[in-house]
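All remarks here apply to the structure that follows.
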């Protein structure tokens, strides 16, 4: 791709590093910005800079937040005895959009994947185990995607807490195997939360 401007080429190369955006899409977006008033580009630049510099991660659940403790964890009307375990913040947003869940969350930050070099120590698993062992939690809902990595992560966490008295459940398999939660429609995802099943059933049937 030939550019008449080194400045434009540099901007395209940077934007093209974003997931799902190739150089052609990046060029189209940047040319659109060049047609807009300079203030619009400035507002976008300021918003991105402010987000990057000031955004925080909740000190309790690891969700993205503007403050030290996110709004969900700070909400006294939520059921703090039920924790939904998810892979990342996009899953929190997907479940919240269903309006069917009133507990709190724990964001792991990924899934165990030896092929990708991701082990338990690189995820927020130890802090989750500590929460369970504190005696406050009554139920843990596994809501990771139903992939091999997701199932491995669920089972690893289950082994860490199986000697406690809490209920462990998993979202109903209304979500197709291999699907990511963020792509599930709200009705299906909402039902899978409400109709969750005991986690033990997911592997006892395979024995």
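In our numbering, the protein residues as written are 775 to 981. For every residue, glycine included, the Cβ atom is placed at its ideal position computed from N, Cα and C.
Look at the region 828-885 and you find these whole runs of beta strand (DSSP E), each 3 residues long or longer: 853-860 and 877-881. In this structure, DSSP gives residue 911 a state outside helix and strand, which the three-state scheme calls coil.
Taking 7 Å as the cut-off, the beta carbon of residue 843 is found no closer than this to the beta carbon of residue 876.
For residue 935, the uninterrupted alpha helix (DSSP H) run begins and ends at 922-935, by DSSP.
Per the Cβ contact rule, the region 901-908 is not in contact with the region 916-924 (fewer than 3 Cβ pairs under 8 Å). DSSP places residue 779 in the coil class of the three-state scheme, outside both helix and strand. Annotation for residue 834: 843 and 847 place their beta carbon closer than 7 Å to its own, counting only its chain and skipping 5 residues before and after. Following the DSSP letters along the chain, one finds residue 942 in no alpha helix (DSSP H) but inside the beta strand (DSSP E) bounded by residues 941-944.
Excluding its 5 nearest sequence neighbours in each direction, residue 858 has C-beta neighbours in its own chain below 7 Å: 869, 875, 877, 879, 915 and 917, listed in chain order. Counting along the chain, the unbroken alpha helix (DSSP H) around residue 800 starts and ends at 797-809.
Non-local beta-carbon contacts of residue 789 in its own chain, meaning distances under 7 Å to residues more than five positions away in sequence, involve 795, 800, 803 and 804 in chain order. Residue 970 sits buried, since 16 or more C-beta atoms from the chains shown fall within 10 Å of its C-beta. Shown here, residue 793 sits in coil according to DSSP, grouped into three states, outside any helix or strand. Under the three-state reduction of DSSP output, residue 967 falls in the helix class.
Separation of the CB atoms of residue 886 and residue 930 is rounded to 6 Å, and the pair is thereby assigned contact status at 8 Å. Look at residue 784 here: in three-state DSSP terms it is helix.
When only Cα atoms are considered, residue 940 and residue 974 end up about 12 Å apart. In the three-state reduction of the DSSP assignment, residue 895 falls in the helix class. Taking residue 900 as reference, the option from 967, 927 and 889 with the minimal CA-CA separation is 927.
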